[in-house]
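S.K.: Numbering (our numbering), first residue to last: 1 to 211. The beta carbon of each residue, even a glycine, is placed where N, CA and C say it ideally should be. All values derive from a computational prediction rather than experimental measurement.
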């Protein structure tokens with residue numbers, strides 16, 4: 001075992017676990033839907049019942065999948081990685097925060113900075129927060145940069161000013177910088193993957209390739 005700073009350990013983590021993580025993500029988005037369709041077709045002949053059974057199957061399998069990922073797979077990856085690498089927290093981070101950096105690299109560093117009070121922000125870390133998501137980087141980078149800069153300037157010398165979702169949403173709305181529903185959906189991987197996955201599910205259900 002050898003020691004390595006968290007942000008450097010991230011590069012090794014990507015080399016070791018990029019392909020396994022990619023396979024797991026693809027299975028979560030597409031594989032579960034395919035299995036659910038097959039279950040629906042196996043247990044019903046009427047289209048409406050096939051749909052209902054497949055939909056119920058999705059929710060059950062996804063719940064089991066989440067438990068497997070967070071209860072077994074994530075811990076297994078962490079255990080295997082820590083057999084070879086002793087992760088050293090950098091820049092005053094806790095062990096838990098360092099682990100996030102190992103998993104997500106600069107994305108985690110920026111995210112950890114953003115949750116601090118804006119008067120304590122290191123702007124060099126969060127000025128490129130749009131890079132945390134590829135859709136945000138391509139389509140919303142200017143809007144996100146302007147929003148982040150406005151919040152930073154507003155709180156710069158006001159460390160006692162409250163910082164929470166309600167206050168920030170009101171401030172952004174007053175400055176015509178509030179996040180639109182389209183930006184909210186398409187720059188959030190959870191929502192985006194759900195849209196892709198369930199669109200794929202409906203496509204399979206309509207096309208019915210397994211019948």
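1) By the three-class DSSP mapping on this structure, what secondary structure does residue 5 have?
2) So, for residue 130: in the same chain, excluding its five sequence neighbours on each side, which residues have a beta-carbon less than 7 Å away from its beta-carbon?
3) DSSP has residue 219 in a bridge; who is on the other side?
4) If we count the other Cβ atoms within 10 Å of its Cβ and call it buried at 16 or more, is residue 40 buried or exposed?
5) Please report the distance separating the alpha-carbon of residue 36 from that of residue 83.
6) Count the CB pairs spanning the region 90–99 and the region 1–17 that are closer than 8 Å, and state whether there are at least three.
7) Along the alpha helix (DSSP H) that carries residue 99, what are the first and last residues, could you check?
8) Measuring alpha carbon to alpha carbon, tell me which residue in 156, 16, 38 and 132 is nearest residue 205.
9) Report buried or exposed for residue 50, applying the criterion of at least 16 other Cβ atoms within 10 angstroms of its Cβ.
M.R.: Reading it off the structure:
1) strand
2) So the list reads 136, 137, 140, 141, 144 and 145, once near-sequence residues are dropped.
3) Since the first residue shown for the chain is 1 and the last is 211, residue 219 is missing from the structure and cannot be characterised.
4) buried
5) 37 Å
6) yes
7) 95–104
8) 38
9) buried
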